[in-house]
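Same order as they appear, the protein sequences are chains E and Z.
Using UniProt numbering, read the first sequence as starting at 1 and increasing by one per residue.
Using UniProt numbering, read the second sequence as starting at 1 and increasing by one per residue.
To keep things clear, I will list the structure first and then write my remarks on it.
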Amino acid sequence: MITEPAPGLVTAATGPNSTVLSVRGLTVDYLTDGAPVRACDDVSFTLRRGEILGVAGESGSGKSTLITALTRLQRPPAVTTEGSIEFHSRDGSVDLVSLSASELRALRWTSLAIVLQSAMDALNPVMRIGAQFVDVLRSHDKGLGRKDAWARASELLGMVGISADRVRSYPHELSGGMRQRASIALALACGPELVVMDEPTTAVDVVMQRQILAQVLRLRRELGFSVVFVTHDLSLLLELADRIAIMYAGRIVEIDTAHSLYANPRHPYTRGLRDSFPPLRSPLRRLSGIPGSPPDLRNPPAGCAFHPRCPDRFEGCDQERPLLVDGVACRLHQSGENRA
Amino acid sequence: MKRRWAFLLRRLGFYLAAAAAAIGLNFLLPRLMPGDPSSAIVEELERVSGQQVPAETLMSIRAIFGNPSDNLAQQFVDYLQQLSHFDLGVSVVNFPVPVADLVWQALPWTLLLVGTTTVVAFAIGTLLGVIAGWKAGSRFDAVLTPLTTFLSSVPYFWVALLALWVFGFILGWTPLSGGYDADLAQGFSFAYAVSVLHHGVLPAATIVFSAFGGWLLGMRNMTVTTVREDYVLLAQAKGLSTARVMFRYAARNAMLPSFTGFAMALGGVVGGALLTEIVFSYPGIGYLLYEALQKRDYPMMQGVFLLITLAVLLANLVADLAYVVLDPRIRERG
Chain E
1 MITEPAPGLV
11 TAATGPNSTV
21 LSVRGLTVDY
31 LTDGAPVRAC
41 DDVSFTLRRG
51 EILGVAGESG
61 SGKSTLITAL
71 TRLQRPPAVT
81 TEGSIEFHSR
91 DGSVDLVSLS
101 ASELRALRWT
111 SLAIVLQSAM
121 DALNPVMRIG
131 AQFVDVLRSH
141 DKGLGRKDAW
151 ARASELLGMV
161 GISADRVRSY
171 PHELSGGMRQ
181 RASIALALAC
191 GPELVVMDEP
201 TTAVDVVMQR
211 QILAQVLRLR
221 RELGFSVVFV
231 THDLSLLLEL
241 ADRIAIMYAG
251 RIVEIDTAHS
261 LYANPRHPYT
271 RGLRDSFPPL
281 RSPLRRLSGI
291 PGSPPDLRNP
301 PAGCAFHPRC
311 PDRFEGCDQE
321 RPLLVDGVAC
331 RLHQSGENRA
Chain Z
1 MKRRWAFLLR
11 RLGFYLAAAA
21 AAIGLNFLLP
31 RLMPGDPSSA
41 IVEELERVSG
51 QQVPAETLMS
61 IRAIFGNPSD
71 NLAQQFVDYL
81 QQLSHFDLGV
91 SVVNFPVPVA
101 DLVWQALPWT
111 LLLVGTTTVV
121 AFAIGTLLGV
131 IAGWKAGSRF
141 DAVLTPLTTF
151 LSSVPYFWVA
161 LLALWVFGFI
171 LGWTPLSGGY
181 DADLAQGFSF
191 AYAVSVLHHG
201 VLPAATIVFS
211 AFGGWLLGMR
221 NMTVTTVRED
231 YVLLAQAKGL
241 STARVMFRYA
251 ARNAMLPSFT
261 GFAMALGGVV
271 GGALLTEIVF
281 SYPGIGYLLY
291 EALQKRDYPM
301 MQGVFLLITL
311 AVLLANLVAD
321 LAYVVLDPRI
331 RERG
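Given below as structure tokens:
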């Protein structure tokens, strides 16, 4: 069982429930020859210290765009056009959107780390595993000797259950699960406050997936970092995340604690997602999918982007776009004055 | 570890077999052609003197250049015996200087000129290629890449002749031909070294000029694809310096295909730069081969061909071995 109650996930210096990340109105466009394609639209959320926020959505819902925008790893033609990403690190608060390249580099890995989807592709194939720890350790801690850095690399690998002699292996000499755990250990090398994880368990089998998630929870408890965990697998998030944000067509349509999102989904899309996989520990329920497919972002539908597929749509849904109010962006749950 | 040795032994076996085949072909080809060196010399003598060659002269010529009526197996055994003492026969044109001596004299010139320029062209082309590919579409890339495409499609002999005409003839900055000043004693004197450099700079510059573009384009295109790899993205996320991400992560992987080409080029160095050496009358292997071809000096050609073949095989072997070091994944696949 990897579910556990949200404990006192608190680092002493910063106090309980302090915010580590607050994203406001984040909008990312892909600049094309024609009109720009809006892949993230007015995304806002906050993340508390030590919290795991899950972000779920179908392919093309803007999850990956959100990740590259959060970590400032986006490449042209993606451009953050609006919004702010306030990051409250140990060394003070900064807006990641407007940070200069050198300020950003100082923050990278020591405060802000990332785990990519496929560890096979994310590790340099011609460098030993250990060397890929050593270079980042030494570049952020100039005083660290080569020998100590290698020792630290072995120690970090040990933390995710990889034996120390593997530190001299090349990535292709490790199994898929080991590689994925190694890249999690790598992300934790410099003691980050925030780790962004992009579907880190998609490429491994379910048994390994459980082990990895259990390790993430244990390490989070020990080290107190916060996590933004992006995946298309809502069932996985229900067991891992403290809170979950559901994305659809570049927007957050619902954000709530994992428990209430599962027990009481308010947005019809969230309900559709929940009902499309079998529950593990509750009475059997009839499974249903969501008819139709996600909208073409080059030409999004007017009003609520979900309305063409929504079973509960009513008059006005195809014209008015609901804003995220009180954790849900749906006209079913909004009184007149809240509507946009 | 064990697997790595098995891999090396397999490669070594392959190259030994290839070398044996090369030696066999090198022996066989001239003998399959009509005519032979002995008859050629006899004919030449008869043409010059206008009378029949005496029987004893014929005998001694055949003793030196081989008797075409001997059986092939016996000839092959003789040939192998000669080879085992590095005896490549006697040059017909420069009779009676042994081919091996001529090759031995020409080899350092070629290695110096073509070897240096191959390395320099590779280094310049690869470095510029990484920079151009790192930011594909930047101004640097947008200017340099098409320009290089243009330059590398200009025929080499034209570049060489033009350079010789401008710098050697009109401006008079460099000598018009040769590899050193014939008035100076050969040896390790300062004046001699300067004259070698002075003679070598123009041929070297033209080779580098024509060759770096190919490396640049190859490296640029590989870098463009490598930069999109996740491990480069992760290296950036790690906050490493741009230079480190660019060279240790992107270029290090992007250069693997280029490296094979480089090793082959190094093997080709021994063959000399034929056009360069002809245009600049440079005393290297290429010029030797050119003379041999012009004057139908079969033993000479055979010797040079054998040398080139073996050098290319050796370069390939070295490339294979180095690849094992450069790309750890190769060791597994063998």
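Note that CB positions come from ideal geometry on N, CA and C, so glycine has one too.
Pairwise C-beta distances place the stretch 46–59 of chain E in contact with the stretch 219–228 of chain E, as three or more of them are shorter than 8 Å.
Closest by C-alpha distance to residue 246 of chain E, out of E:209, E:330, E:136, E:316, is E:330. Counting the other CB atoms within 10 Å of its CB gives residue 71 of chain Z a total below 16, which places it among the exposed residues. Taking 7 Å as the Cβ-Cβ cut-off, the stretch 119–153 of chain E approaches chain Z at 121, 122, 123, 124, 125, 126, 135, 136, 139, 140, given in chain order. For residue 257 of chain Z, no CB of chain E lies under 8 Å from its own CB, so it is not counted at the interface with that chain. Counting the other Cβ atoms within 10 Å of the Cβ of residue 41 of chain E gives 16 or more, which makes it buried. The beta carbon of residue 116 of chain E falls within 8 Å of a beta carbon belonging to chain Z, placing the residue at that interface.
Here residue 299 of chain Z has 37, 65, 88, 89, 90, 91, 92, 99 as same chain residues with Cβ atoms under 8 Å from its own Cβ, once five neighbours each way along the sequence are excluded. The criterion of a C-beta distance shorter than 8 Å is satisfied by residue 229 of chain E and residue 240 of chain E. Close to residue 108 of chain E, with beta-carbon spacing below 9 Å, are these residues of chain Z in chain order: 236, 237, 238, 239, 240. By the neighbour-count criterion, in which a residue is buried when 16 or more other Cβ atoms sit within 10 angstroms of its Cβ, residue 96 of chain Z is exposed.
Of the residues E:144, E:134, E:23, E:126, the one whose Cα lies closest to the Cα of residue 83 of chain E is E:23.
Beta-carbon to beta-carbon, residue 167 of chain E and residue 115 of chain E are separated by about 19 Å, too far to satisfy the 8 Å threshold. Note on geometry: alpha-carbon atoms of residue 166 of chain Z and residue 174 of chain Z lie some 10 Å from one another. In summary, the residues of the stretch 53–71 of chain E whose CB is separated from some CB of chain Z by less than 7 Å are 71, in the order they occur in the chain. Contact holds between the stretch 100–112 of chain E and the stretch 236–248 of chain Z, because three or more Cβ pairs, one in each stretch, are under 8 Å apart. Within the model, the alpha-carbon separation for residue 326 of chain E versus residue 265 of chain E is close to 13 Å.
If you ignore the 5 residues before and after residue 332 of chain E, its C-beta comes within less than 7 Å of the C-beta of 312, all in its own chain and listed in chain order. Less than 8 Å divides the Cβ of residue 272 of chain Z from the Cβ of residue 286 of chain Z. The beta-carbon of residue 320 of chain Z is placed no less than 8 Å from the nearest beta-carbon of chain E. Contact check for residue 258 of chain E and residue 300 of chain E: beta-carbon distance about 28 Å, past the 8 Å limit, so the pair fails to qualify. Residue 232 of chain E carries a coil assignment under DSSP once its states are collapsed to helix, strand and coil. The C-alpha of residue 308 of chain Z is placed about 13 Å away from the C-alpha of residue 18 of chain Z. The beta strand (DSSP E) runs of length 3 or more contained entirely in the stretch 250–292 of chain E are, from start to end of the chain, 251–257. The Cβ atoms of residue 289 of chain Z and residue 304 of chain Z lie closer than 8 Å to each other.
Judged by their CB atoms, residue 267 of chain Z and residue 326 of chain Z are not nearer to each other than the 8 Å cut-off. Any Cβ of chain E closer than 8 Å to the Cβ of residue 252 of chain Z would place that residue at the interface, and such an atom is present.
For a Cβ distance threshold of 7 Å, residue set 233, 236, 237 of chain Z lies close to residue 73 of chain E, ordered along the chain. Bridge partners of residue 247 of chain E according to DSSP: E:252. At a Cβ-Cβ threshold of 8 Å, residue 324 of chain E and residue 44 of chain E count as neighbours. Around the C-beta of residue 54 of chain Z, fewer than 16 other C-beta atoms lie within 10 Å, and the residue is accordingly described as exposed. The alpha carbon of residue 164 of chain E has as its nearest neighbour, out of E:154, E:199, E:293, the alpha carbon of E:154. The way I'd put it, the stretch 100–107 of chain Z doesn't touch the stretch 212–232 of chain Z; fewer than three beta-carbon pairs between them come closer than 8 Å. Of the residues assessed, residue 205 of chain E falls on the exposed side of the cut-off, its CB having fewer than 16 other CB atoms within 10 angstroms.
No Cβ of chain E is located within less than 8 Å of the beta carbon of residue 141 of chain Z. Within the model, the alpha-carbon separation for residue 192 of chain E versus residue 219 of chain E is close to 12 Å.
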